Amino acid sequence: MRLRMNNEYRPYIVYAKRRETPTVVELSLEPQDGVRPDFIPGQFVNISLPEVGPEAKSYTIASTPLDELIVVAVREAGDFSQALCGRKVGEEVLLSEPLGYFYPEDAQTPRVFVAGGIGVMPFVSIARAGSGASTILLYSNRAAHDVPFHAMLSELERENKNFSVKHFITRENSPLHGAVNGRIGPEHLARALQDYPEGNFFLCGSIIFVRDMRLVLKDLFVPEERIYTESFF
Ligand SMILES: Cc1cc2nc3c(=O)[nH]c(=O)nc-3n(C[C@H](O)[C@H](O)[C@H](O)COP(=O)(O)OP(=O)(O)OC[C@H]3O[C@@H](n4cnc5c(N)ncnc54)[C@H](O)[C@@H]3O)c2cc1C
């Protein structure tokens, strides 16, 4: 599907707001002109907050094309994300058209999703949209109490026998059932490669996280064309 692309920003109103974890806020955004743009799960929008400065920042769409609103989940970090999380219901934000190419190109090929922290967002939208493809999500976070969309992913796992999640908690002994205490390592990616020998790998997180995971996959001789990456910066 080709999507309409332009550089215009359109006004949206914060329709609803919810705290997802201690550091992540979910905002549901309603287009002021009532026309929600088409998008492919995995795409993002650029958001502009003119009073913070001229620079727009990117946020992945967490909702699916069946939803009426554009939903984003924002981890509070610096000035921009804090200002965005501080927007109240009824206030305005400016959004670009949906952008990006980080999504599976077909509905059949098995998928290995590898996420660091808030880098899970493309996978939330893709998993919620559903497909028949066998999918595993390897999902790394620092602490068990701050895992964005843990409950939703568990529910999707229960509903869809083709979808499973493996949690990794890096900074504490995790109380999460079945979680690995530690980082996603070569042994875990090798296992995923063994279980999904025809699978495509999708890596999303910080620049360092994506670089490290990609290097491991290269060491495991996964061909370039089976590795998709998106770095949050
Ligand atoms: C394609 C794309 C999609 C993205 N999607 C999302 C999304 O769905 N949700 C989302 O929250 N972000 C997303 N981002 C990141 C987002 O665009 C911003 O970079 C982020 O919100 C930080 O911006 P900031 O100006 O608030 O902080 P910055 O000024 O960039 O950083 C402020 C300080 O916080 C530190 N910091 C920044 N991020 C983190 C972090 N995650 N954890 C700990 N410390 C940090 C920095 O090192 C710095 O010291 C995406 C980025 C890209 C490129």
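Just so we're aligned, residue 2 is where the sequence shown starts under the working numbering, counting upward by one. Here a beta-carbon is modelled for each residue, glycine too, at the ideal position from N, C-alpha and C. As the structure is a prediction and not an experimental result, all values here were calculated from the model.
Where do the N-terminal and C-terminal ends of the alpha helix (DSSP H) with residue i fall, by residue?
i       : result
Arg-192 : 187-196
Leu-85  : 80-86
Val-217 : 208-220
Ala-180 : Run containing Ala-180: none; DSSP gives neither H nor E here.
Ser-126 : 122-130
Ordered along the chain, which non-local residues of its own chain (more than five positions away) have a Cβ less than 8 Å from that of residue i?
i       : result
Met-2   : Note that Met-2 scores a pLDDT of 35, beneath 50, so its modelled location is shaky and nothing firm can be said.
Arg-215 : Leu-204, Ile-228 and Thr-230
Tyr-197 : Pro-111, Arg-112, Val-113, Ser-135 and Ile-137
With burial defined as no fewer than 16 other Cβ atoms inside 10 Å of the residue's Cβ, what is the status of residue i: buried or exposed?
i       : result
Gln-44  : buried
Arg-5   : Because Arg-5 carries a pLDDT of 44, less than 50, the predicted location of this residue cannot be relied on, and the following value inherits that uncertainty. With fewer than 16 Cβ atoms within 10 Å of its Cβ, Arg-5 is classed as exposed.
Arg-88  : buried
Leu-67  : exposed
Ala-78  : exposed
Val-36  : exposed
Glu-27  : buried
His-178 : exposed
Ala-63  : buried
Lys-58  : buried
Arg-172 : exposed
Val-90  : exposed
Suppose the cutoff is 6 Å on Cβ atoms and the five residues either side in sequence are ignored; what does the same chain contact list for residue i look like?
i       : result
Pro-123 : Gly-43, Thr-61, Phe-103 and Cys-205
Val-148 : Asn-142
Ser-232 : Ile-208 and Val-211
Val-125 : Ala-63 and Phe-150
Span of the beta strand (DSSP E) holding residue i?
i       : result
Glu-156 : Segment 151-160 is the alpha helix (DSSP H) holding Glu-156; no beta strand (DSSP E) there.
Phe-234 : It is not in any beta strand (DSSP E) - Phe-234 carries neither H nor E in the DSSP assignment.
Ser-165 : 164-170
Arg-20  : 11-22
Ile-137 : 136-142
Under 7 Å Cβ to Cβ from residue i, same chain only, skipping five residues before and after it: list those, please.
i       : result
Glu-199 : Thr-110 and Pro-111
Those residues, in chain order, that have a beta-carbon closer than 5 Å to some heavy atom of ligand 1: Phe-45, Lys-58, Ser-59, Tyr-60, Thr-61, Val-75, Arg-76, Ala-78, Gly-79, Phe-81, Ser-82, Ile-119, Met-122 and Phe-233
Count the CB pairs spanning the region 187-206 and the region 149-166 that are closer than 8 Å, and state whether there are at least three. Between the region 187-206 and the region 149-166, the count of Cβ pairs shorter than 8 Å is below three; the stretches do not touch.
Could you say if the region 192-212 and the region 134-152 meet the contact criterion of at least three C-beta pairs nearer than 8 Å? yes
Validate contact between the region 93-103 and the region 19-26 using beta carbons, cut 8 Å, 3 pairs: no
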